[in-house]
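Report on the structure given below.
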Amino acid sequence: EGRLSSCGNAPDHVPGLLGHGEGVTRLDAPTRLPSTLGGERAVSVSAGWAHSLALTAGGAVWSWGEGVYGKLGHSDEQHQLLPKKIEARNASAE
Numbered sequence: 481e482g483r484l485s486s487c488g489n490a491p492d493h494v495p496g497l498l499g500h501g502e503g504v505t506r507l508d509a510p511t512r513l514p515s516t517l518g519g520e521r522a523v524s525v526s527a528g529w530a531h532s533l534a535l536t537a538g539g540a541v542w543s544w545g546e547g548v549y550g551k552l553g554h555s556d557e558q559h560q561l562l563p564k565k566i567e568a569r570n571a572s573a574e
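Mapping of the sequence shown onto the working numbering: residues 481 to 574, in sequence order.
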């Protein structure tokens, strides 16, 4: 089916780790993420200590969790409480 679920505990200082939005820091059972990743099927997921990434069948990458040091790929340091699509950047324009 390609939909994502998460469970576990997220420390207060790691907002969005579970990918379910504001205030969700504990899930005792696998629970589907509210995001449908733009309607695309997830084919791979990687979870770090404070962030996660998902690759879709169409080649899009989505990220969520702690955004310090720009590690979510959105050209900022904002935390993402829900999966957010990483937009392609034109390196030659920078």
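Every residue gets a Cβ at the ideal spot worked out from N, C-alpha and C, and that includes glycine.
With a 10 Å radius around its C-beta and 16 neighbouring C-beta atoms as the bar for buried, classify alanine 568 as buried or exposed.
Label assigned to alanine 568: exposed.
Could you check whether threonine 516 and histidine 500 sit closer than 9 Å to each other, using their CB atoms as the reference points?
No, they are not a contact pair.
Give the single residue among Ser555, Asp556, Gly539, Gly545 whose Cα lies nearest to the Cα of valine 579.
Because the chain is modelled from 481 through 574, residue 579 falls outside the range shown and cannot be assessed.
Pick out whichever of Gln560, Pro514, Asp556, Gly518 has its Cα sitting closest to the Cα of serine 486.
Among Gln560, Pro514, Asp556, Gly518, the Cα nearest to that of serine 486 is on Pro514.
Have a look at Gln558, Thr536, Asp492, Val504 and flag the residue whose alpha-carbon is nearest the alpha-carbon of tyrosine 549.
Nearest of Gln558, Thr536, Asp492, Val504 to tyrosine 549, Cα basis: Gln558.
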